[in-house]
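Enquirer: Residue numbers (the numbering used here): 8 to 390. Every residue, glycine too, gets a C-beta built ideally from N, C-alpha and C. Source: prediction; values computed, not measured.
This is how it looks when you write it as structure tokens:
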């Protein structure tokens, strides 16, 4: 198995991810600058507010791609004394900026569309302009699918947001074609109204992007599938009788560290336990690219059948309470008359502390001679 230094050093995989994001963003910048130029000329020639706004939107998209490049380069900086966990979260900030740009573009286009509704101008479409707009629709559809696909592949929220924005842009461009068709056939100008409707769609999309990105910056619950996989890896060690309290901290896309508690027999010596913890740490890094910075230990009674029977009795009491989902870390000392364990109370409980107090009261009632150390715990991967 590779050494810890080999596993935690910068890898070619991360370098490849950065290059892919930058290359994709550069393609987006080039495509959007050309489209913006063509649309600006056409919009001014045809007196079409929708096409002019579409051109402005393409410029904002190019800016978004530039922000993605800058954010990716900054996120790739090596950890230092001030930021020992690295700069990966900058990618979330760049994704948030892109969301704000999308939101701003939607609000601006809505204001301009309303102005056009109040003071309408008659558009002057021609065949060449409509062909160019049609080509722009196709380009933006292809670009949007490509950028979003790459974003999903390399787990880049900035690219995913940019790709979604490009797809919305293709709808905007398609709407200008629809408005042009209606005007040419029926001599009714609807482009300002269509612009207002599409602006609302863009605003909604920007708000959703912003909400998702802020949620990631605030810190979301453990990735369910990743947590499940790590638990399975830890439990694959024969002497690990339980694994609990996995906490994962995200410091950027695909950058995780965390901590976990394990249950081991109370017969374990310190050197044996040290070796087990090292082996678990290495295997989790190797299989999941997650660094467990701490592995806490719960000792499990294995010598006294009476204590094992008491544990079963305590479990029956605890799980009779509706919102208790786990009990772990149980250990009983007969001579000291102490009993310790942790309970997990679901977030679905209206008052988690009240449930905890009820459990404590019931256990104390059944075992009045014991002193209890009961911790209220949290399942960070709770569904």
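Give me the residue from 190, 314, 239 with the minimum Cα distance to residue 250.
Expert: The closest CA to that of residue 250, considering only 190, 314, 239, is found on 239.
Enquirer: Which complete beta strand (DSSP E) runs does the region 262-292 hold, if anything under 3 residues is left out?
Expert: Complete beta strand (DSSP E) runs here, min 3: 263-272.
Enquirer: At what residues does the alpha helix (DSSP H) containing residue 174 begin and finish?
Expert: 164-193
Enquirer: Is residue 296 helix, strand or coil by DSSP?
Expert: coil
Enquirer: What separation, rounded to the nearest whole angstrom, lies between the Cα atoms of residue 340 and residue 328?
Expert: 25 Å
Enquirer: DSSP three-state label for residue 369, please.
Expert: helix
Enquirer: Near residue 272, what residues of its chain come up, given a Cβ to Cβ distance below 8 Å and the 5 sequence neighbours on each side ignored?
Expert: The beta carbon of residue 272 lies closer than 8 Å to those of 246, 248, 306, 307, 309 in the same chain, with the five residues before and after it left out.
Enquirer: List the endpoints of the continuous beta strand (DSSP E) containing residue 252.
Expert: 249-257
Enquirer: Where do the N-terminal and C-terminal ends of the beta strand (DSSP E) with residue 384 fall, by residue?
Expert: Its beta strand (DSSP E) spans residues 378-384.
Enquirer: Does residue 306 come out as helix, strand or coil in the three-state DSSP assignment?
Expert: Residue 306 falls in the strand class under three-state DSSP.
Enquirer: Check this for me: beta carbons of residue 267 and residue 299, under 8 Å apart or not?
Expert: yes
Enquirer: How would you call residue 117, buried or exposed, if buried means at least 16 neighbouring beta carbons within 10 angstroms?
Expert: Around the beta-carbon of residue 117, 16 or more other beta-carbon atoms lie within 10 Å, marking it buried.
Enquirer: Among 284, 317, 261, which residue has its Cα nearest to the Cα of residue 295?
Expert: 261
Enquirer: From 151, 98, 148, 186, pick the residue whose C-alpha is nearest to that of residue 163; which is it?
Expert: The residue with the shortest Cα to Cα distance from residue 163 is 98.
Enquirer: With DSSP collapsed to three states, give me the class of residue 240.
Expert: DSSP places residue 240 in helix when its eight states are reduced to three.
Enquirer: Would you report the Cα separation of residue 351 and residue 235, rounded to the nearest angstrom?
Expert: 17 Å
Enquirer: Measure the C-alpha to C-alpha separation of residue 377 and residue 332 and round it to an integer number of angstroms.
Expert: 24 Å
Enquirer: Would DSSP call residue 338 helix, strand or coil?
Expert: Note: residue 338 maps to strand in three-state DSSP.
Enquirer: Could you tell me which of 73, 89, 85, 93 sits nearest to residue 263, measuring between CA atoms?
Expert: 93
Enquirer: To the nearest angstrom, how far is the alpha carbon of residue 11 from that of residue 68?
Expert: In this predicted model, residue 11 has a pLDDT of only 47, less than 50, meaning its place in the structure is not dependable; the value taken from the coordinates is given anyway. Spanning the two alpha carbons is a distance of roughly 41 Å.
Enquirer: Just to confirm, are residue 110 and residue 201 a CB contact at a threshold of 8 Å?
Expert: no
Enquirer: Per the contact definition of three or more C-beta pairs closer than 8 Å, is the region 156-170 in contact with the region 183-203?
Expert: They do not touch, by the three-pair rule.
Enquirer: Buried or exposed: which applies to residue 50, given that a residue is buried once 16 or more other Cβ atoms fall within 10 Å of its Cβ?
Expert: buried
Enquirer: Under a three-way DSSP split, which group does residue 348 fall into?
Expert: strand
Enquirer: Since residue 53 and residue 131 should fall inside the 8 Å C-beta cutoff, what is the C-beta to C-beta distance between them, to a whole number of angstroms?
Expert: 5 Å
Enquirer: Kindly identify the DSSP beta-bridge partner or partners of residue 301.
Expert: 266, per the DSSP bridge assignment.
Enquirer: Would you kindly work out how many angstroms separate the C-alpha atoms of residue 275 and residue 347, rounded to a whole number?
Expert: C-alpha separation (whole angstroms): 19 Å.
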